[in-house]
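Trainee: The numbering of the sequence shown is our numbering, which starts it at 1051 and goes up by one. All C-beta atoms, glycine included, are put in the ideal place defined by N, C-alpha and C.
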Amino acid sequence: MAVLLLAEVSIGKLNEATAKALTAAKTLNEPVHVLIAGEQVEAAARAAASLDGIEKVLVADDPVYAHQLAEPLAALLVQLAANYSAILAAATSTGKNVIPRVAAFLDVMQISEIIKVATPDTFERPIYAGNAIETVQSTDAKKIITVRTAAFPATGTGGSAPVEKIAAAAAAPKVSSFKDETLAKSDRPELASARIVISGGRGMQNADNFKTLIEPIADKLGAAMGASRAAVDAGYAPNDWQVGQTGKAVAPDLYIAVGISGAIQHLAGMKDSKVIVAINKDEEAPIFQIADYGLVGDLFAILPALNEELAKLGR
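What follows is the structure, encoded as structure tokens:
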């Protein structure tokens, strides 16, 4: 049999989370089909078809899938499930919303946020905020899996998979409905896929300091901006900047933590970063235990100095 990967589609475009989840799907050693469900998703279908290692792209182009609501998407996946040994999705807000419903309808266990495929029925996943790694073996005939994309590189392009259109599933019981959405527009890279992330914590003291101290450095480095939960809860930064156990998991090439003490919940979302730089005035802050480079000092002096040095380098 094959495995089915639910693609992450936003505004008709394929999210990079799909290419990362595909890397995990391919390690199951079975043909991979990708499901594109949405409205006006031709561009997303072409992008998926170009990914390496996909046997087929299934496209359900229907207004009912326009906003990726859990009920219609789950109904479609359940309808398709008989043909697949596993159904996967990235552990994004969409995947976490849809996949548990699919598992419940199929009466099988869900295997959440895997970071490694040991064998086709054995997986590793973090527990206790990443302090322990659990090995899970599933005897279910059908595996229902979400993938922590920070643990997998994106699959490259070069494929030319055929695209097959499929009909929408029968109407599911309506529990939720779409009201509206507000899209944040930014020239910066998306937080979850950025190569460089600079995050601020409660030590930033207010939202203005994020704008005046961190934003110029992020612009010069081409970095995404993030924040700890404490900073978000205090109103210093928007919710979609939150990095951590209850926010986004990131694994950039460079992660700069400014004024972040390093609570276990924050570390769970960024400790897989390739290089971690910590700036904090408390030399006993837990963040220094995982940092590759630590700078003990006043961030209100260090950040302006860093910005000046970057400007000298022409950044």
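#1: Output the residue ranges of the beta strand (DSSP E) runs that lie fully inside the stretch 1099–1124 and measure 3 residues or longer, sorted by chain position.
#2: Across which residues does DSSP place Gly1253 in a beta bridge pair?
#3: Is the beta carbon of Val1109 within less than 7 Å of some heavy atom of the ligand MN?
#4: Is the CB-CB distance between Gly1134 and Val1247 below 8 Å?
#5: On a CA-only basis, which of His1117, Pro1150, Gly1145 is nearest Gly1088? Give me that one, please.
#6: Which residues mark the beginning and the end of the alpha helix (DSSP H) in which Leu1345 is found?
#7: Which of helix, strand or coil does DSSP assign to Ala1201?
#8: What residue from Ala1095, Val1158, Ala1124 has the CA that sits closest to Pro1223's CA?
#9: Would you call Gln1090 buried or exposed, if buried means 16 or more other Cβ atoms sit within 10 Å of its Cβ?
#10: Using the three-state DSSP reduction, which class does Gln1292 fall into: helix, strand or coil?
#11: Report buried or exposed for Gly1206, applying the criterion of at least 16 other Cβ atoms within 10 angstroms of its Cβ.
#12: Can you check whether the CB of Ala1307 is closer than 8 Å to the CB of Ala1328?
#13: Among the residues of its own chain, which have a CB less than 6 Å from the CB of Ile1314, if the five just before and after it don't count?
#14: Arg1252 and Ala1281 - do their beta-carbons sit closer together than 8 Å?
#15: State the start and end residues of the unbroken alpha helix (DSSP H) segment that holds Lys1076.
#16: Would the beta-carbon of Leu1108 fall within 8 Å of that of Ile1137?
#17: Compute the beta-carbon to beta-carbon distance between Ile1161 and Ile1194, rounded to the nearest angstrom, for a pair I have assumed lies under 8 Å.
Mentor: Short version:
#1: Within the stretch 1099–1124, the runs of beta strand (DSSP E) that reach at least 3 residues and sit entirely inside it are, in chain order, 1106–1111.
#2: Answer is none; Gly1253 lacks a bridge partner.
#3: With respect to small molecules bound, the structure shown includes none, and the ligand MN cannot be examined in it.
#4: Note on residue identity: the sequence assigns Tyr, not Gly, to residue 1134. Contact flag unset, no.
#5: Nearest of His1117, Pro1150, Gly1145 to Gly1088, Cα basis: His1117.
#6: Unbroken run through Leu1345 is the beta strand (DSSP E), 1343–1346; no alpha helix (DSSP H).
#7: Per DSSP, reduced to three states, the secondary structure at Ala1201 is helical.
#8: Per the Cα distances, Ala1124.
#9: The C-beta of Gln1090 has fewer than 16 other C-beta atoms within 10 Å across all chains shown, which makes the residue exposed.
#10: If DSSP states are grouped into helix, strand and coil, Gln1292 belongs with the strands.
#11: With fewer than 16 Cβ atoms within 10 Å of its Cβ, Gly1206 is classed as exposed.
#12: A distance below 8 Å separates the beta carbons of Ala1328 and Ala1307.
#13: If we look at Ile1314 and ignore the five residues flanking it on each side, its Cβ neighbours are Ala1179.
#14: Yes.
#15: DSSP places Lys1076 in the uninterrupted alpha helix (DSSP H) bounded by 1066–1076.
#16: Going by C-beta atoms, Leu1108 is not nearer than 8 Å to Ile1137.
#17: By a beta-carbon distance limit of 8 Å, Ile1161 contacts Ile1194. Their separation comes to about 7 Å.
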